[in-house]
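Participant:
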Amino acid sequence: MLRISLFSTVIFLGLLSCNPDKINPLDSLPLIPYPQNIENAEGYLSLSELTSISFNGAASSLVLEMKNFWDTSLAMSLETKPEGRLELQIDSSIEGQEAYQLHLTSKGVVLRAAGEEGLYRAWQSLQQILVFSKETGKIPTGTVTDKSVYPYRGAMLDVARHFFTVAEVKRFIDLMALYKFNFLHLHLSDDQGWRIEIKSWPDLTALSSDSEVGGTQGGFYTQEDYQELVAYAADRFITIIPEIDVPGHTNAALHAYPILNCDGVAPPVHTGIEVGFSSLCVDKPITYQFVEDVIRELAAITPGPYLHLGGDETQATPEDQFIRFINKVLPMADRYGKIPMGWFETRQTNYKGQVVSQYWAKEVDVPEGVRKGNPILMSPSSFAYLDMKYDTLSKHGLFWAGYTSVQKAYEWSPKTLVPSLPVENIIGIEAALWSETISDNSGIDYLAFPRILGHAEIGWTEDELRNWEDYKQRLQKHLVWLRSKGVAYYQSPLLD
Ligand code: ACM
Numbered sequence: 000m001l002r003i004s005l006f007s008t009v010i011f012l013g014l015l016s017c018n019p020d021k022i023n024p025l026d027s028l029p030l031i032p033y034p035q036n037i038e039n040a041e042g043y044l045s046l047s048e049l050t051s052i053s054f055n056g057a058a059s060s061l062v063l064e065m066k067n068f069w070d071t072s073l074a075m076s077l078e079t080k081p082e083g084r085l086e087l088q089i090d091s092s093i094e095g096q097e098a099y100q101l102h103l104t105s106k107g108v109v110l111r112a113a114g115e116e117g118l119y120r121a122w123q124s125l126q127q128i129l130v131f132s133k134e135t136g137k138i139p140t141g142t143v144t145d146k147s148v149y150p151y152r153g154a155m156l157d158v159a160r161h162f163f164t165v166a167e168v169k170r171f172i173d174l175m176a177l178y179k180f181n182f183l184h185l186h187l188s189d190d191q192g193w194r195i196e197i198k199s200w201p202d203l204t205a206l207s208s209d210s211e212v213g214g215t216q217g218g219f220y221t222q223e224d225y226q227e228l229v230a231y232a233a234d235r236f237i238t239i240i241p242e243i244d245v246p247g248h249t250n251a252a253l254h255a256y257p258i259l260n261c262d263g264v265a266p267p268v269h270t271g272i273e274v275g276f277s278s279l280c281v282d283k284p285i286t287y288q289f290v291e292d293v294i295r296e297l298a299a300i301t302p303g304p305y306l307h308l309g310g311d312e313t314q315a316t317p318e319d320q321f322i323r324f325i326n327k328v329l330p331m332a333d334r335y336g337k338i339p340m341g342w343f344e345t346r347q348t349n350y351k352g353q354v355v356s357q358y359w360a361k362e363v364d365v366p367e368g369v370r371k372g373n374p375i376l377m378s379p380s381s382f383a384y385l386d387m388k389y390d391t392l393s394k395h396g397l398f399w400a401g402y403t404s405v406q407k408a409y410e411w412s413p414k415t416l417v418p419s420l421p422v423e424n425i426i427g428i429e430a431a432l433w434s435e436t437i438s439d440n441s442g443i444d445y446l447a448f449p450r451i452l453g454h455a456e457i458g459w460t461e462d463e464l465r466n467w468e469d470y471k472q473r474l475q476k477h478l479v480w481l482r483s484k485g486v487a488y489y490q491s492p493l494l495d
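Now the structure itself:
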């Protein structure tokens, strides 16, 4: 009797472990961005047993987020216990603030990192593992050892062409966090509107925040709103970078303050989408008082290291004046404790301090004048501009940089796209979502999703581990997950 039951138990267990339909190995789960290393192990962990968590160090906001996931996505509860099935461990021997390890055994899961940021990235991977093994209730075991290729993985949201509310920006931040982004660049001013309260220049928002593209109602963030966004993003280990675009793209400022115009006359509100026609008056001292006041106020409410000063498309500013202007304003950021960033045109500066140049040309450009050691952020417009149409049928978007399919947005490398750029200068990638053609969540979803998942993987995963055919399979699974979250992503014919 005993022998038979032992025998049948062995057969039963054998069937379980060799039935590939039951548990897919850990490395076959559709994780995005794909981790650097996954080792599979035998056996599985029952999801139903993962009901307790323990942690050393201060990880309470992460634990709250995890408890919320258990509650809302798994319909289970997660209790804090001295010896939980899930364990968050701070381990200073792990190198890199975003690096992490995940150990999944039949007994439980250990998330290990040097600090909370690494634990947070680990949690994003674990969350996907749980989502994609929820159906069977069996979590494959093994070890994930992971870190990011680039220190900068960002998205930009243009809140100037159309205004997006605090709630809309928070929703975007939540979605970015799922894919391990760590910077959100807010384009806070442009010709069509000024979106951030500046207490020393109150007419910027009093007179120039209502407008937006198409003549609909705009808006602005009070400094308190902005700080709320900064804190919300920081809880998700995303750093906000404010951009005030100068000296061009300034019609809204010039409209609010006639004194900033060379002729002292305020131009009318601009609600079209033409560019390159506005400029601050470079030879007036008040211009520098204005820029410095804005920088000072923004720096005071921005804990992150960077402050973006634009500097793109300055056709209305003669070149010698433009260079004089940027040489004067880039050091102002440094004076208030921030590293200046600028669009790629600002690389012409003679400012000797650190300035991040954001590359946005199409890949065919052969850039000159890149200073040795100067950090470069890659946003090539024909690959990383989320506002480019997918194809001729796209219902939103522009196409001056060409159509950008989901595949094209994924299949490039920041290291090799522009051979004349020094690879060692490249700090990462930023996917830019300009908003001339979108004004709400459904527009964000349509243009950003799913392309932004590809940008997340380009920024995190080694090029050697990426290929379209494999990514496409994983992406299909994410679309189902995104749909369950209410994301109205673009349905690409490439993904049917
Ligand atoms: C840009 O697209 N004008 C930076």
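In numbering that gives the first Met the number 0, the protein residues as written are 0 to 495.
No residue lacks a Cβ here, since even glycine has one placed at the ideal position from N, Cα and C.
Nothing here was measured: the structure is a model prediction, and the numbers come from that model.
(1) Run the CB neighbour count on Trp459, radius 10 Å, all protein chains shown included, and call it buried at 16 or more, exposed below.
(2) Taking the straight line between their C-alpha atoms, what separation do you get for Gly442 and Ser92?
(3) Three-state secondary structure (DSSP) at Glu196?
(4) For the ligand ACM, I want to know if Trp467 counts as a neighbour, meaning its beta carbon is within less than 7 Å of at least one of the ligand's heavy atoms.
(5) Hey, is Ser393 close to the ligand ACM, as in C-beta under 7 Å from one of its heavy atoms?
(6) Less than 7 Å separating the Cβ of Asp311 from some heavy atom of the ligand ACM?
(7) Do Ser105 and the ligand MN come close, with the Cβ less than 7 Å from some heavy atom?
(8) Do Ile237 and Leu183 come within 8 Å of each other at the CB atom, strictly closer than that value?
(9) So what does DSSP say about Thr415, is it helix, strand or coil?
(10) Assess contact between the stretch 245 to 262 and the stretch 274 to 286, defined as three or more Cβ pairs (one per stretch) separated by less than 8 Å. Is contact present?
(11) Quick one: what does DSSP say Phe54 is sitting in, helix, strand or coil?
(12) Within the stretch 54 to 102, note down every full alpha helix (DSSP H) run reaching 4 residues or more, in order along the chain.
(13) Roughly how many whole angstroms lie between the Cα atoms of Leu478 and His454?
(14) Among the residues of its own chain, which have a CB less than 7 Å from the CB of Lys66, if the five just before and after it don't count?
(15) If you reduce the DSSP assignment to three classes, tell me which class Phe182 lands in.
(16) Just grab the DSSP bridge partners of Ala521 for me.
(17) Measuring straight from C-alpha to C-alpha, what distance separates Val109 and Glu86?
(18) For Val405 and Arg465, I'd like the C-alpha separation in whole angstroms.
(19) If you measure between the beta carbons of Thr140 and Tyr43, is that distance less than 8 Å?
(20) Please return the same chain residues whose Cβ sits closer than 6 Å to the Cβ of Asn23, not counting the five positions on each side in sequence.
(21) Ignore the nearest five residues each way along the sequence and tell me which others in Glu97's own chain have a CB closer than 7 Å to its CB.
(22) Drop a sphere of 10 angstroms on the beta-carbon of Thr348, count the other beta-carbons inside from all chains shown, and report buried for 16 or more, exposed for fewer.
(23) What residue range does the beta strand (DSSP E) around Asn260 cover?
(24) To which residues of the same chain is Ser199 closer than 7 Å at the C-beta, ignoring the five residues directly before and after it?
(25) Take the Cβ of Thr79 as the centre, count every other Cβ of all protein chains shown within 10 Å, and call the residue buried at 16 or more, exposed below.
(26) Rounded to whole angstroms, what is the Cα-Cα separation between Asn39 and Tyr384?
(27) State the start and end residues of the unbroken alpha helix (DSSP H) segment that holds Asp173.
(28) Write down every uninterrupted run of the beta strand (DSSP E) in the stretch 357 to 391 whose length is 3 residues or greater and which is fully enclosed by it, in chain order.
(29) Roughly how far, in whole angstroms, is the beta-carbon of Arg194 from the beta-carbon of Phe219, given that I think they are within contact range, below 8 Å?
(30) Any idea if Asp319 is buried or exposed, counting beta-carbon neighbours within 10 angstroms, 16 or more meaning buried?
(31) Hey, would you say Gly368 sits closer than 8 Å to Thr313, going by beta carbons?
(32) Mapping DSSP to helix, strand and coil, what is Lys394?
(33) Compare the Cα-Cα distances from Thr215 to each of Ala447, Thr436, Pro492 and report the closest residue.
(34) With a cut-off of 8 Å on the beta carbons, I'd call Pro304 and Lys351 a contact; round off their distance for me.
(35) For Lys471, which three-state DSSP category applies?
(36) Taking 8 Å as the limit between beta carbons, can you name the residues of its chain near Glu362, skipping five residues before and five after?
Facilitator: In short:
(1) Translated into positions along the sequence shown, residue 459 becomes position 460. So Trp459 counts as buried.
(2) Taking the sequence shown and counting its residues from 1, the one referred to as residue 442 is at position 443. Taking the sequence shown and counting its residues from 1, the one referred to as residue 92 is at position 93. For Gly442 and Ser92, the gap between their C-alpha atoms comes out near 44 Å.
(3) The sequence position of residue 196 within the sequence shown is 197, counting from 1. Residue state, collapsed to three classes: coil.
(4) Taking the sequence shown and counting its residues from 1, the one referred to as residue 467 is at position 468. Checking every heavy atom of the ligand ACM against the Cβ of Trp467, none is found closer than 7 Å.
(5) In the sequence shown, the residue the question calls residue 393 occupies position 394. At a cut-off of 7 Å, the beta-carbon of Ser393 does not count as near the ligand ACM: no heavy atom of the ligand is closer than that.
(6) For this step, residue 311 is matched to residue 312 along the sequence shown. Yes, the beta carbon of Asp311 sits closer than 7 Å to at least one heavy atom of the ligand ACM.
(7) Because the ligand MN does not appear in the structure shown, any question about it cannot be addressed here, the ligands present being the ligand ACM.
(8) In the sequence shown, residue 183 corresponds to position 184, counting from 1. In the sequence shown, residue 237 corresponds to position 238, counting from 1. Yes. Within cutoff.
(9) Numbered from its first residue, the sequence shown carries residue 415 at position 416. Coil, per DSSP.
(10) Touching, yes, given that three or more Cβ pairs across the two stretches are closer than 8 Å.
(11) Indexing the sequence shown from 1 puts residue 54 at position 55. DSSP places Phe54 in strand when its eight states are reduced to three.
(12) Restricted to the stretch 54 to 102, the alpha helix (DSSP H) segments that are unbroken, complete and at least 4 residues in length are 59 to 72, listed in chain order.
(13) Reading the sequence shown from its first residue, position 479 is the one you call residue 478. Reading the sequence shown from its first residue, position 455 is the one you call residue 454. Answer to the nearest angstrom: the Cα atoms are 15 Å apart.
(14) Stepping through the sequence shown from its first residue, residue 66 is reached at position 67. Cβ neighbours of Lys66 beyond the five flanking positions: Leu77.
(15) Indexing the sequence shown from 1 puts residue 182 at position 183. Under the three-state reduction of DSSP, Phe182 is assigned to strand.
(16) Outside the modelled stretch of the chain, which goes from 0 to 495, sits residue 521, for which no answer is possible.
(17) Taking the first residue of the sequence shown as position 1, residue 109 is located at position 110. Taking the first residue of the sequence shown as position 1, residue 86 is located at position 87. Roughly 5 Å separates the two Cα atoms.
(18) Against the sequence shown, residue 405 aligns to sequence position 406. Against the sequence shown, residue 465 aligns to sequence position 466. Between Val405 and Arg465, the alpha-carbon positions lie close to 14 Å from each other.
(19) Along the sequence shown, one-based indexing puts residue 140 at 141. Along the sequence shown, one-based indexing puts residue 43 at 44. Going by C-beta atoms, Thr140 is nearer than 8 Å to Tyr43.
(20) Locating residue 23 in the sequence shown gives position 24, where the first residue counts as 1. If the five residues before and after Asn23 are omitted, its C-beta is found closer than 6 Å to no C-beta atom of its own chain.
(21) Here residue 97 is taken as the residue at index 98 of the sequence shown, counted from 1. Apart from sequence neighbours up to five positions away, the residues of its chain that approach Glu97 with a beta-carbon distance below 7 Å are Glu116, Gly117, Arg120, Lys146, Ser147, ordered along the chain.
(22) Along the sequence shown, read from residue 1 onward, the residue named residue 348 stands at position 349. When all chains shown are included, Thr348 counts as buried.
(23) For the purposes of this step, residue 260 is taken as the residue at position 261 of the sequence shown. Unbroken run through Asn260: none, as it is neither H nor E.
(24) For the purposes of this step, residue 199 is taken as the residue at position 200 of the sequence shown. Taken in chain order, the residues that qualify are Asp292, Glu296.
(25) In the sequence shown, the residue the question calls residue 79 occupies position 80. Looking at its Cβ environment, which holds fewer than 16 other Cβ atoms inside 10 Å, Thr79 is exposed.
(26) Counting from one through the sequence shown, the residue named residue 39 turns up at place 40. Counting from one through the sequence shown, the residue named residue 384 turns up at place 385. Each residue's alpha carbon lies about 37 Å from the other.
(27) On the sequence shown, residue 173 is found 174 positions in, with the first residue counted as 1. Looking at the DSSP string, the run of the alpha helix (DSSP H) that includes Asp173 is 165 to 177.
(28) Qualifying beta strand (DSSP E) stretches, in chain order: 375 to 377.
(29) Position 195 of the sequence shown, counted from the start, is the residue given in the question as residue 194. Position 220 of the sequence shown, counted from the start, is the residue given in the question as residue 219. With a Cβ gap of about 5 Å, Arg194 and Phe219 count as contacting.
(30) The count along the sequence shown starts at 1 and reaches residue 319 at position 320. Answer is exposed; the Cβ neighbour count stays below 16.
(31) Counting from 1 along the sequence shown, the entry for residue 368 is found at position 369. Counting from 1 along the sequence shown, the entry for residue 313 is found at position 314. When the beta-carbon positions are compared, Gly368 and Thr313 stay at least 8 Å from each other.
(32) For the purposes of this step, residue 394 is identified with residue 395 of the sequence shown, where counting begins at 1. Of the three classes helix, strand and coil, the one that applies to Lys394 here is coil, per DSSP.
(33) Position 216 of the sequence shown, counted from the first residue, corresponds to residue 215. Residue Thr436 is the option with its Cα nearest to Thr215.
(34) Taking the first residue of the sequence shown as 1, we reach residue 304 at position 305. Taking the first residue of the sequence shown as 1, we reach residue 351 at position 352. Contact flag wrong, Cβ pair sits at about 18 Å.
(35) Along the sequence shown, read from residue 1 onward, the residue named residue 471 stands at position 472. DSSP places Lys471 in helix when its eight states are reduced to three.
(36) Reading the sequence shown from its first residue, position 363 is the one you call residue 362. The answer, listed in chain order, is Pro379, Ser381, Phe382, Trp411, Leu416, Val417.
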